[in-house]
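I have placed the structure first, in the form of structure tokens, so that the comments after it can refer back to it.
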């Protein structure tokens with residue numbers, strides 16, 4: 001249970017509610033103990049009357065009183081049991097809420113490398129299935145444990161007071177039950193871990209299948225995917241059945257041992273009554289009720305033990321991520337304004353996961369108000385430069401300066417808030433077009449949204465939709481074409497009115513006429529901004545103040561458009577090829 005110690009801070013947070021729940025539980029148990037006592041008194045009264053040859057009318061008033069007390073105490077027991085559940089189970093929901101927030105906040109803190117190593121399905125499973133298992137420990141497991149403990153503390157002394165010998169025979173099966181539970185729980189813990197790991201695998205497969213359903217249909221491989229899912233389902237069934245087979249031993253074993261206790265009460269109690277060692281039949285009836293009262297709490301011991309083992313396994317998986325330290329940390333807690341001057345000094349960078357060196361001794365400078373274009377082949381390191389400016393990664397060697405200061409000395413939130421980024425893969429959320437554009441500025445007005453859409457040359461397209469800006473997009477913006485997605489992403493960046501704009505080949509799916517309109521709008525906006533454009537097209541780069549040519553992680557050429565088209569090299573060759581393509585069309 002060492003993994004579950006992580007929850008202690010939440011138990012402390014809700015300590016007063018827990019103490020209230022404990023008090024209510026004790027009160028409920030006190031009222032539950034009234035019934036067996038008064039059942040004994042009722043039977044004793046009847047027995048004494050019969051032995052005295054008196055008519056039953058003689059004790060009619062007494063019996064009515066006893067019955068009224070039994071009904072009243074049972075009603076109060078039911079009421080306090082309800083309050084107990086409301087108090088303790090609600091705490092588990094609060095803890096579930098807090099833990100999910102903690103996990104999600106940790107997900108947000110973790111760096112890009114973490115998401116390269118871990119699959120989305122596994123991340124989702126830990127924040128849903130695993131947290132759900134932990135909630136069962138924080139609620140039902142604790143509630144029934146308190147309930148069982150208070151019941152034993154209250155009942156056992158009463159039983160001993162009535163008949164120590166009968167008490168001994170009644171509780172003998174309980175230690176045997178505890179030993180069996182211990183060994184079965186160890187097995188459950190191991191098999192639960194296996195099942196939870198498999199659920200992550202299944203969630204990942206499902207998530208990837210749903211996300212890539214268009215590819216699956218395009219290739220006509222639905223049957224193959226079905227077969228893979230069928231194989232996974234069989235594997236999952238076997239793992240779940242292995243767990244279920246062990247869990248299935250709990251209740252039969254407990255009911256058997258409870259049954260033994262009942263037989264012991266009847267047989268031993270009867271013999272003691274015949275021998276005159278117990279005072280009345282009422283004692284046997286009282287003990288039978290005690291046994292019945294102990295039946296469910298003892299039965300829950302196994303269930304609670306199973307819950308704890310499963311929760312411990314799940315919390316271990318959660319803790320693995322909670323203990324993960326983000327590689328990119330905010331080293332500057334104070335506010336640091338961003339003007340937009342950027343300088344790379346002999347920057348080299350190698351990706352940890354692939355060990356590929358993306359940049360090699362790169363140096364350049366771009367000042368506030370300037371536009372820099374970066375051109376190069378696929379995999380040359382262009383996008384890596386943008387990722388380093390947004391500090392999604394830290395350099396392997398060299399230094400990046402923002403406004404003359406090392407980038408690590410800038411408040412990371414100030415830095416990223418000052419950046420309007422349009423990634424190569426335009427990602428849109430499953431909400432309305434309006435909300436997707438507002439993602440760059442949550443308090444944007446209707447006029448600002450429309451203005452940004454016009455600057456991105458997507459306003460006319462949006463107006464053609466039946467719901468216009470309120471059109472709800474499918475997952476990843478699947479409702480829109482590639483070019484429309486790129487332009488909505490550009491609108492999202494422009495509405496932010498950022499100090500630094502990073503455009504990562506974001507016009508690749510746009511026709512040249514629309515591209516020209518957008519670039520002209522960008523030039524007007526970028527007069528007082530720092531703009532970096534990554535592209536494969538000369539048309540996107542030609543108006544930049546300076547152009548860098550990257551090849552194999554190195555700067556091989558730099559200059560203005562006019563300088564580069566008269567210099568032999570990659571840029572001139574690309575320019576002539578694209579010019580020829582344009583003329584041929």
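Numbering (full-length UniProt numbering), first residue to last: 1 to 585.
Note that CB positions come from ideal geometry on N, CA and C, so glycine has one too.
- Here the alpha carbon of residue 93 sits roughly 11 Å from the alpha carbon of residue 86.
- Looking only at 466, 455, 511 and 439, the smallest Cα-Cα distance to residue 492 is reached by 439.
- Spatial neighbours of residue 455 in its own chain (CB-CB distance under 6 Å, excluding positions within 5 residues in sequence) are listed in chain order as 494 and 521.
- Ranking 358, 412 and 558 by CA distance to the CA of residue 109 puts 412 first.
- The beta carbon of residue 13 sits closer than 7 Å to none of the beta carbons in its chain outside the five residues before and after it.
- A direct Cα-to-Cα measurement between residue 379 and residue 385 gives close to 12 Å.
- Judged by DSSP in its simplified three-state form, residue 371 adopts strand.
- If you look at residue 557, you'll find it in the beta strand (DSSP E) that goes 554–559.
- Per DSSP, residue 441 is not a residue of any beta strand (DSSP E), being assigned neither H nor E.
- Residue 192 sits in a helix when the DSSP states are folded into three classes.
- At least 7 Å separates the beta-carbon of residue 534 from that of residue 407.
- Residue pairing for residue 512: DSSP places it in no beta bridge.
- Inter-residue distance for residue 357 and residue 381 is about 9 Å (C-alpha atoms, whole angstroms).
- Counting C-beta atoms within 10 angstroms of its own C-beta, residue 453 has 16 or more neighbours from the protein chains shown and is therefore classed as buried.
- Runs of the beta strand (DSSP E) spanning 3 or more residues and lying entirely within the segment 470–543 occur at 500–504 and 530–535, in chain order.
- In the structure shown, the three-state DSSP call for residue 119 is coil.
- In this structure residue 562 is exposed. Its beta-carbon is surrounded by fewer than 16 other beta-carbon atoms within 10 angstroms.
- In this structure, the straight-line span from the alpha carbon of residue 196 to that of residue 233 is close to 14 Å.
- By the beta-carbon neighbour count (other beta carbons within 10 angstroms, threshold 16), residue 120 is exposed.
- By the C-beta criterion, the segment 302–309 is judged not to be in contact with the segment 42–53, since fewer than 3 inter-stretch pairs fall below 8 Å.
- Pairing residue 460 with residue 545, the inter-Cα distance amounts to about 31 Å.
- Beta-bridge analysis with DSSP links residue 550 to 376 and 555.
- Each of 190, 199 and 73 was checked against the Cα of residue 128, and the nearest Cα belongs to 199.
- Inter-segment contact for the segment 468–487 and the segment 398–405 is absent: fewer than three beta-carbon pairs are separated by less than 8 Å.
- Residue 212 carries a coil assignment under DSSP once its states are collapsed to helix, strand and coil.
- Per DSSP, the unbroken alpha helix (DSSP H) holding residue 233 starts and ends at 222–247.
- The beta carbon of residue 261 sits closer than 7 Å to those of 170, 173 and 291, all from its chain and outside the five residues before and after it, given in chain order.
- With respect to the 7 Å criterion, residue 29 and residue 150 are classified as neighbours on the basis of their beta carbons.
- Fewer than three beta-carbon pairs drawn from the segment 134–141 and the segment 215–224 are found closer than 8 Å, and the two stretches are therefore not classed as touching.
- Residue 399 is bridged by DSSP to 345.
- Per the C-alpha coordinates, the member of 574, 322 and 516 positioned closest to residue 6 is 322.
- Ranked by Cα distance from residue 180, the options 246, 448 and 145 are led by 246.
- In terms of Cα proximity to residue 340, the closest of 113, 429, 532 and 434 is 532.
- Judged by beta-carbon spacing, residue 31 lies beyond the 7 Å limit of residue 83, meaning their Cβ atoms are not closer than that value.
- The C-alpha of residue 81 lies about 12 Å from the C-alpha of residue 146.
- Nearest to residue 268 by C-alpha distance, out of 166, 258, 183 and 324, is 166.
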